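In my numbering, the protein residues as written are 537 to 680.
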């Protein structure tokens, strides 16, 4: 959202009546409609078009993949705006999440992957790696 926005949280109440841009036919447009039913959801053919509208003051917020937005915010064009927050990973909207493809029947390897993910989340390794590359929690927590 614009850097000077007075909105402090991503809730339907806070965004009621506000114009939110998202790319048409994406999970972000679907999420905007589901999470912010009282907002004015505006769908754009491309992300570049909603970015132009928020840069020029025609939108109050936009929704897209946090990694995409984070990179844009670091550019000259994105200097107008800030990342308010990430949103909870809602399986009804986004599905079950990211996966790793394994051969059918590779149960031992699947177990090893699952255990490794739990271990690096518990011992802080994940956070150390994440903080090196991102200024937000990719699991959907608030921005720093």
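Even glycine gets a Cβ: it sits at the ideal position worked out from N, Cα and C. In this text the structure is predicted, and so the values were computed from the model without any measurement.
| query | result |
| --- | --- |
| Beta-carbon contacts of residue 567 that lie in its chain and below 6 Å, excluding the five residues immediately before and after | 629 |
| Inside the region 547-572 only - alpha helix (DSSP H) runs reaching at least 4 residues | 548-551, 563-571 |
| Backbone secondary structure at residue 674 - three-state DSSP | coil |
| Pair within 9 Å by beta-carbon distance, residue 577 and residue 590 | no |
| Per-residue burial, residue 488 [other beta carbons within 10 Å of its own, 16 or more giving buried] | An answer regarding residue 488 cannot be provided, because it is not within the stretch 537 to 680 covered by the chain. |
| Residues near residue 552 by beta carbon distance below 6 Å, same chain, minus five either side | 574 |
| Candidates 623, 587, 622, of which the one nearest residue 611 by Cα | 587 |
| Residue 602 - DSSP class collapsed to helix/strand/coil | helix |
| The region 537-553 touching the region 612-623, judged by at least three CB pairs closer than 8 Å | yes |
| Distance between beta carbons of residue 570 and residue 564, contact taken as under 8 Å | Not a contact, Cβ separation roughly 11 Å. |
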